[in-house]
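Asks: Numbering (UniProt numbering), first residue to last: 245 to 610.
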Ligand code: F6R
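(1) Can you round the beta-carbon distance between residue 607 and residue 302 to whole angstroms, since I take them to be within the 8 Å contact cut?
(2) Which residues mark the beginning and the end of the beta strand (DSSP E) in which residue 495 is found?
(3) Could you tell me which of 353, 359 and 404 sits nearest to residue 383, measuring between CA atoms?
(4) Using a Cβ-Cβ cutoff of less than 8 Å, which residues in the same chain neighbour residue 296 once the five nearest sequence positions on both sides are dropped?
(5) DSSP on residue 520, reduced to helix/strand/coil?
(6) Below 8 Å, how does it come out for the stretch 308-316 and the stretch 446-454: are there three or more Cβ pairs, yes or no?
(7) Taking C-beta to C-beta, are residue 404 and residue 263 nearer than 8 Å?
(8) Does the Cβ of residue 309 lie closer than 7 Å to at least one heavy atom of the ligand F6R?
(9) Could you tell me which uninterrupted alpha helix (DSSP H) segments, each at least 4 residues in length, are contained entirely in the stretch 325-355, listed from first to last along the chain?
(10) I need the boundaries of the alpha helix (DSSP H) containing residue 459, first residue and last residue.
(11) Taking C-beta to C-beta, are residue 277 and residue 424 nearer than 8 Å?
(12) The ligand F6R and residue 487: does any heavy atom of the ligand fall closer than 7 Å to the residue's C-beta?
(13) What is the DSSP secondary structure of residue 544, reduced to helix, strand or coil?
(14) Let me make sure I understand the geometry here. Which of 539, 572 and 573 has the alpha-carbon closest to that of residue 557?
(15) Could you check whether residue 415 and residue 320 sit closer than 8 Å to each other, using their CB atoms as the reference points?
(16) By a C-beta neighbour count over all protein chains shown, 10 Å radius and 16 as the cutoff for buried, is residue 266 buried or exposed?
(17) Would you check whether the ligand F6R has a heavy atom nearer than 7 Å to the C-beta of residue 379?
(18) Tell me the rounded alpha-carbon separation between residue 249 and residue 257.
(19) May I have the straight-line CA-CA distance separating residue 503 from residue 521, to the nearest angstrom?
(20) Beta-carbon separation of residue 586 and residue 488 under 8 Å?
(21) Ends of the beta strand (DSSP E) at residue 372?
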């Protein structure tokens, strides 16, 4: 049931704060400020022996994996690869007993992801599944399982499944980092405190969800929309772009902003909408340089940045602010306006938001 919402997608966007709290339940002790996964059977020795982690998934789950890579590498210094399952399964991937393979799948039934998991197990890797569906094929066959606890996701365009997958990666990263002692106690606690605050921050953002509607109206007739970002913002840009094209059918691309010069700039014309994600402090100067480049070709730029970042005003045409949080955690906030932009654009175009053409919720054929 839609519970008073016009579409499942909107309902699921609004369910995110609750879903994220459920993901935390039993894993994040808010008093002690510790992460623990009782469901994981690894010993410290097992964790210690991994020299590589490979994340395998499709679509939005793959995009969550891209965030997972940044987070796990940052917190544990274990090298992490991320690959789409349909590629992984048809090459000879280099993995063995010293590899942890993480498969990410909302449905737990995606054919390519399931095949990639079985192949990894044959090669001797330990497989952890991050999935939303108890009793799904992937949940049953994986060696270890983290259930995202998002609740049923009905809309084809994934929203709360994605954010709970991303949160699972934060918690997993902290869990592994504590075991490997690759993070200071201070940073560990500080991140946990900030994670606890995220659901409330998202609630605050959703209270103003209508505030982004004008933007969707402004891009609904565009030929193409570009999403730019660096680092974690690039991973979120990919997800924002997928969401938009999936349900609005507007062509869209996401680019690592530094790649613009290598071809993409030719596609920016007078009036091309560009959504520039500028939340990563270490590269924000570089991003502003890229914004200048697209502005010089006539782009119409919406800058997404943290509250209080007034520097962007002189560069962008419009701003969309997200609440403050450590740079590593911004994806969970930045993706919210991007989900809403996709939703309202699809709505403005009169599309079937929950059931976009040519797509199935669960891809059980390859
Ligand atoms: C996009 C979307 C798809 C899925 C992909 C994987 O909004 O929902 O890209 O993410 O088909 O599905 P799961 O996670 O069920 O393996």
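Just so it is clear, CB atoms sit at the ideal spot from N, CA and C, and this is done for glycine as well.
Replies: Per the coordinate set shown:
(1) The count along the chain shown starts at 1 and reaches residue 607 at position 363. The count along the chain shown starts at 1 and reaches residue 302 at position 58. Going by Cβ atoms, the distance from residue 607 to residue 302 rounds to 7 Å, so yes, they are a contact pair.
(2) Within the chain shown, the letter at position 251 stands for residue 495. Looking at the DSSP string, the run of the beta strand (DSSP E) that includes residue 495 is 495-500.
(3) Residue mapping note: residue 383 aligns to position 139 of the chain shown, counting from 1. When only C-alpha atoms are compared, the closest one is 353.
(4) Along the chain shown, one-based indexing puts residue 296 at 52. By the criterion of a C-beta distance shorter than 8 Å, residue 296 is surrounded in its chain by 322, 323, 324, 325, 339, 342, 343 and 344, once the five residues flanking it on both sides are discounted.
(5) Working through the chain shown from its first residue, we reach residue 520 at position 276. Note: residue 520 maps to strand in three-state DSSP.
(6) no
(7) As a working note, residue 404 is residue 160 in the chain shown. As a working note, residue 263 is residue 19 in the chain shown. Yes. Within cutoff.
(8) The count along the chain shown starts at 1 and reaches residue 309 at position 65. No, Cβ of residue 309 sits at least 7 Å from all heavy atoms of the ligand F6R.
(9) 329-332
(10) Here residue 459 is taken as the residue at index 215 of the chain shown, counted from 1. That run of the alpha helix (DSSP H) goes 457-463.
(11) Translated into positions along the chain shown, residue 277 becomes position 33. Translated into positions along the chain shown, residue 424 becomes position 180. Not in contact: residue 277 and residue 424 (Cβ atoms no closer than 8 Å).
(12) Position 243 of the chain shown, counting from 1, holds the residue named residue 487. For the ligand F6R, at least one heavy atom lies less than 7 Å from the Cβ of residue 487.
(13) In the chain shown, residue 544 corresponds to position 300, counting from 1. Strand.
(14) In the chain shown, counting from the first residue as 1, residue 557 sits at position 313. Residue 557 has its Cα closest to that of 539, out of 539, 572 and 573.
(15) Here residue 320 corresponds to residue number 76 of the chain shown, with the count starting at 1. Here residue 415 corresponds to residue number 171 of the chain shown, with the count starting at 1. Against a cut-off of 8 Å, the Cβ pair of residue 415 and residue 320 comes out as no contact.
(16) Taking the chain shown and counting its residues from 1, the one referred to as residue 266 is at position 22. Under this definition residue 266 is a buried residue.
(17) Residue 379 sits at position 135 when you count from the first residue of the chain shown. No, since every heavy atom of the ligand F6R falls outside the 7 Å radius drawn around the Cβ of residue 379.
(18) By one-based count along the chain shown, residue 249 stands at place 5. By one-based count along the chain shown, residue 257 stands at place 13. Going from the Cα of residue 249 to the Cα of residue 257 covers about 10 Å.
(19) Numbered from 1 along the chain shown, position 259 holds the residue referred to as residue 503. Numbered from 1 along the chain shown, position 277 holds the residue referred to as residue 521. Cα to Cα, the separation comes out at about 15 Å.
(20) Looking up residue 586 in the chain shown gives position 342. Looking up residue 488 in the chain shown gives position 244. Yes, they are a contact pair.
(21) Here residue 372 refers to the residue found at position 128 when the chain shown is read from its first residue. Start and end: 370-375.
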